[in-house]
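S.K.:
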Amino acid sequence: MDHVSLLKQFVGMCQTNPAVLHSPEFAFFKDYLVSLGATLPPKPAEKPAPEGKCPMSEEPKESKEQNKQNEEKPAEPEIPKPAEIPFPEIDNEGVIEAEEAVALPMGDASKEPTDEDVEKASEERGKAQEAFSNGDFDAALTHFTAAIEANPGSAMLHAKRANVLLKLKRPVSAIADCDKAISINPDSAQGYKFRGRANRLLGKWVEAKTDLATACKLDYDEAANEWLKEVEPNVSFKYEIRIGLFNVYEKFYIIIIV
Numbered sequence: 001m002d003h004v005s006l007l008k009q010f011v012g013m014c015q016t017n018p019a020v021l022h023s024p025e026f027a028f029f030k031d032y033l034v035s036l037g038a039t040l041p042p043k044p045a046e047k048p049a050p051e052g053k054c055p056m057s058e059e060p061k062e063s064k065e066q067n068k069q070n071e072e073k074p075a076e077p078e079i080p081k082p083a084e085i086p087f088p089e090i091d092n093e094g095v096i097e098a099e100e101a102v103a104l105p106m107g108d109a110s111k112e113p114t115d116e117d118v119e120k121a122s123e124e125r126g127k128a129q130e131a132f133s134n135g136d137f138d139a140a141l142t143h144f145t146a147a148i149e150a151n152p153g154s155a156m157l158h159a160k161r162a163n164v165l166l167k168l169k170r171p172v173s174a175i176a177d178c179d180k181a182i183s184i185n186p187d188s189a190q191g192y193k194f195r196g197r198a199n200r201l202l203g204k205w206v207e208a209k210t211d212l213a214t215a216c217k218l219d220y221d222e223a224a225n226e227w228l229k230e231v232e233p234n235v236s237f238k239y240e241i242r243i244g245l246f247n248v249y250e251k252f253y254i255i256i257i258v
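Sequential numbering of the sequence shown, starting at 1, is according to the UniProt record's numbering.
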């Protein structure tokens with residue numbers, strides 16, 4: 001029903017029972033009519049209560065009948081409330097804060113390594129791997145950096161250094177090395193593997209899943225597969241939230257349009 005129809009009904013009610021204009025809830029409308037110069041019928045006098053009786057001493061007949069019906073009506077059984085289901089949350093265990101990015105030497109991309117450079121890079125790589133095995137990640141970082149400067153076109157060296165950076169809780173720098181490795185070799189499985197791990201440490205679940213799945217596709221790896229299984233539940237949860245929000249928005253939009 002539109003507003004005009006409602007207004008017509010209200011005016012019809014006032015014509016049938018002008019006393020309604022004196023009701024407190026319609027005082028604003030009464031004042032408006034008076035301001036326009038309208039003449040309103042006088043307020044009807046209240047009927048005096050019968051002598052010897054309080055006007056509220058007896059219940060109206062209708063009220064008595066209603067109370068009797070309510071007493072005879074059987075009480076409706078209480079419907080138990082459903083148990084509250086806890087709202088699931090993303091498991092952010094293991095997520096760390098992004099470190100302040102510090103650019104590491106990437107070497108001269110235009111450099112053509114000589115045989116001596118390749119030999120030096122291999123020597124530094126060996127030292128880096130030994131330090132890594134001993135848990136000396138700072139030394140491993142130094143040697144991998146020296147190897148990269150000698151042979152900057154090696155995707156493998158950038159991926160290896162990224163793994164060291166992960167051990168040092170430097171995922172942002174690790175991603176930079178992985179990006180470099182993938183730019184050199186788009187099929188660098190280790191580049192995707194360690195970038196996926198870095199994204200997981202930063203709580204970037206969708207990106208982590210994409211990289212780890214790509215790594216397993218390029219060259220299946222047990223560690224990469226385990227990391228992939230670790231991030232999949234959070235990715236599924238984020239997807240469900242997006243679908244739920246979309247459905248809510250869609251319903252709200254339909255209500256507004258209708």
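Positions of the beta carbon are idealized from the N, C-alpha and C atoms, including for glycine.
Could you tell me the alpha carbon to alpha carbon distance between Glu222 and Cys178, rounded to whole angstroms?
M.R.: The alpha-carbon atoms of Glu222 and Cys178 are separated by roughly 19 Å.
S.K.: List the endpoints of the continuous alpha helix (DSSP H) containing Ala109.
M.R.: Here Ala109 belongs to no alpha helix (DSSP H), and DSSP marks it neither H nor E.
S.K.: Quick one, are the C-beta atoms of Asn151 and Lys180 less than 9 Å apart?
M.R.: No, Cβ-Cβ distance for Asn151 and Lys180 is not below 9 Å.
S.K.: For Leu202, does the three-state DSSP call read helix, strand or coil?
M.R.: Coil at Leu202, not helix or strand.
S.K.: Starting from Ala19, trace the alpha helix (DSSP H) both ways and give me its first and last residue.
M.R.: Note, Ala19: premise wrong, no alpha helix (DSSP H); not H, not E.
S.K.: Residues in its own chain within less than 7 Å of Ala146 by CB, not counting five upstream and five downstream?
M.R.: Only Glu124 meet the Cβ criterion.
S.K.: Can you give, in chain order, each stretch of the beta strand (DSSP E) that sits fully within the region 134-173 and has at least 3 residues?
M.R.: Counting only runs of 3 or more, we get nothing.
S.K.: Which residues bound the alpha helix (DSSP H) around residue 267?
M.R.: With the chain covering only 1 through 258, there is no way to say anything about residue 267.
S.K.: Decide if Asn234 is buried, meaning its Cβ has at least 16 other Cβ atoms within 10 Å, or exposed.
M.R.: Flag for Asn234 reads buried.
S.K.: Can you tell me which of the three DSSP states Asn185 falls into?
M.R.: If DSSP states are grouped into helix, strand and coil, Asn185 belongs with coil.
S.K.: Mark Ala140 as exposed unless 16 or more other C-beta atoms lie within 10 angstroms of its C-beta, in which case mark it buried.
M.R.: Flag for Ala140 reads buried.
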